[in-house]
Amino acid sequence: FCSQAPIRATLFPGDGIGPEIADSVKEVFNAADVPIEWEEHYVGTEIDPRTQSFLTWESLESVRRNRVGLKGPMATPIGKGHRSLNLTLRKELNLYANVRPCYSLPGYKTRYDDVDLITIRENTEGEYSGLEHQVVRGVVESLKIITRQASLRVAEYAFHYAKTHGRQRVSAIHKANIMQKTDGLFLKCCREVAEKYPEITYEEVVIDNCCMMLVKNPALFDVLVMPNLYGDIISDLCAGLIGGLGLTPSCNIGEGGIALAEAVHGSAPDIAGKNLANPTALLLSSVMMLRHLNLTDKATRIQDAIINTIAEGKYRTADLGGSSTTSEFTKAICDHL
Ligand code: NAD
Numbered sequence: 020f021c022s023q024a025p026i027r028a029t030l031f032p033g034d035g036i037g038p039e040i041a042d043s044v045k046e047v048f049n050a051a052d053v054p055i056e057w058e059e060h061y062v063g064t065e066i067d068p069r070t071q072s073f074l075t076w077e078s079l080e081s082v083r084r085n086r087v088g089l090k091g092p093m094a095t096p097i098g099k100g101h102r103s104l105n106l107t108l109r110k111e112l113n114l115y116a117n118v119r120p121c122y123s124l125p126g127y128k129t130r131y132d133d134v135d136l137i138t139i140r141e142n143t144e145g146e147y148s149g150l151e152h153q154v155v156r157g158v159v160e161s162l163k164i165i166t167r168q169a170s171l172r173v174a175e176y177a178f179h180y181a182k183t184h185g186r187q188r189v190s191a192i193h194k195a196n197i198m199q200k201t202d203g204l205f206l207k208c209c210r211e212v213a214e215k216y217p218e219i220t221y222e223e224v225v226i227d228n229c230c231m232m233l234v235k236n237p238a239l240f241d242v243l244v245m246p247n248l249y250g251d252i253i254s255d256l257c258a259g260l261i262g263g264l265g266l267t268p269s270c271n272i273g274e275g276g277i278a279l280a281e282a283v284h285g286s287a288p289d290i291a292g293k294n295l296a297n298p299t300a301l302l303l304s305s306v307m308m309l310r311h312l313n314l315t316d317k318a319t320r321i322q323d324a325i326i327n328t329i330a331e332g333k334y335r336t337a338d339l340g341g342s343s344t345t346s347e348f349t350k351a352i353c354d355h356l
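Numbering (the UniProt record's numbering), first residue to last: 20 to 356.
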C-alpha cells in the first residue's frame, strides 16, 4: 500500500540498450513501491520542425510540465538538417548544470577504495556552442563561448550543492594560463561566488594537473566545477576510477528547478538487444531523481539494494566481470529490496 499520491515524471527510454535498462528501472520502482507515474516518450522517426530534431515538441513539453524526468541514452543520428538530441534537450530545457557523483562501490574492487567526488559540468556553452566554420580551405574555426551569466549560474550551483550536501571544498578546473579570456572569465565568476561561501574552501586547479592528481590520488578532490568540454572528459576519467561507464549516474539541472537524470554512458550499440547491459548507471540516476523529489527513503532503499547486490558478487553483468543478464541482475536487486 502506497500512501502518497503518484508524482508524474517523464521517461525517455532512449535508443540501443536504453529500453532494456529503462525496463529495469520500472521493475525496481515497482518492487520498491515508488509513487512515480511514468509518462513515456520515445525519440521520433522524423524531424519535428518545431524542434528541428527527432525529439518532438510534445516530449519537451512533458518535461517542462512534470519538471522531472529520467532519460536513457540517445544515439546521435548521422546526417544534416537536425540538431543532436542531447543538445536539443540541454538547450530547449536550459539544462545548465550536469552533476555527476562518482564514488567507490563497496565490494567492487578497483585500484581505489576511497573515491567520493562530484563533477559539476557547465552544460550549455563553452566548446559545445556549435559555432564552427571554415575560414578558407584547410583552415577551420570553432568558437568557445564563455559568458558571465552561465559561469556565475554553474558556480552558484556548485557552491550551493557543496553547502547543502556537507561538502568542504570546491575546485574550479581550468586552463586559464593559455585561455586567458575564456577560462579567465570562468575563474573570475567562480571567485566571486566563492566569496559568498566562506565556509567552503575554494581552489583552482589547471586541467592537466587535475588529470594527473585524479589518477594518482582521487581522494584529493571533493566537488569539481568546470566548463563544458573539461567536464565531459574529466567525468569519464572519474567513471574509469570506480569501474566504468556502467556504474556512473548523472542529473541535469535546469532553470526553475527542472531535473532530468540520465546515465553518463551512450546507447552501447555493440550489446543492444542482448540482455547484457548493466542497468546500474540508469538505476543510480533514478535514485538521484528520487532524492531531487525528496523521496529520500525510497532512494536510499534502492541504492542500498543495488550496492548490496554488486557487493555480494553473485549476480554481476559482464562489464563487471560477471555472467548475469540484465534481467537476472535486476531480479537480484528486487530480491534485495
Ligand atoms: P557508449 O557509452 O554507448 O559505449 C562505450 C562502451 O561502453 C561500449 O563498449 C559499451 O558496450 C559499453 N557500455 C556503455 N554503457 C554500458 C552499460 N550500461 N553496460 C555495459 N556496457 C556499457 O559510447 P559510444 O559507443 O561512443 O556511443 C554510442 C552512441 O551513444 C552514439 O550514437 C553516441 O552519440 C551516443 N551517446 C549518447 C549519450 C547520451 O545519450 N547521453 C552519451 C554518450 C554517447
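Virtual Cβ for every residue (Gly too), placed ideally from N, Cα, C. Being a predicted model, the structure only gives us computed values, none of them experimental.
Within the same chain, show all residues whose beta-carbon is closer than 7 Å to that of Tyr249, passing over the 5 residues directly before and after it, in chain order.
Ile192 and Ile226
Can you tell me which of the three DSSP states Asn117 falls into?
strand
Residue from Arg83, Thr75 and Leu124 with nearest C-alpha to Arg102:
Thr75
Return the CA-CA distance between Arg320 and Tyr147, expressed in angstroms with no decimal places.
37 Å
From the DSSP output, in three-state form, read off Leu108 for me.
helix
Between the alpha carbons of Leu136 and Val154, how many angstroms are there, rounded?
41 Å
Taking Cβ positions, are Ile352 and Leu339 nearer each other than 8 Å?
no
How close, in whole Å, do the beta carbons of Thr267 and Ala258 come, if the pair is a contact with beta carbons under 8 Å?
4 Å
Taking 8 Å as the cut-off, does the segment 279-295 touch the segment 80-99 (at least 3 CB pairs, one atom from each stretch)?
yes
Excluding the 5 residues preceding and the 5 following Ala41 in the sequence, name in chain order all residues of the same chain whose CB lies nearer than 6 Å to its CB.
Pro32 and Gly91
Going by DSSP in three states, Val234 sits in which element: helix, strand or coil?
helix
Bridge-paired residues (DSSP) for Cys270:
Val118 and Ala280
Under the assumption that Val244 contacts Cys209 (Cβ atoms under 8 Å), give the Cβ distance between them as a whole number of angstroms.
7 Å
Would you mind sorting Met231 into buried or exposed? The rule is 16 or more other CB atoms within 10 Å of its CB.
exposed
From the DSSP output, in three-state form, read off Tyr221 for me.
strand
For His60, is the classification buried or exposed, using 16 other Cβ atoms within 10 angstroms of its Cβ as the cut-off for buried?
buried
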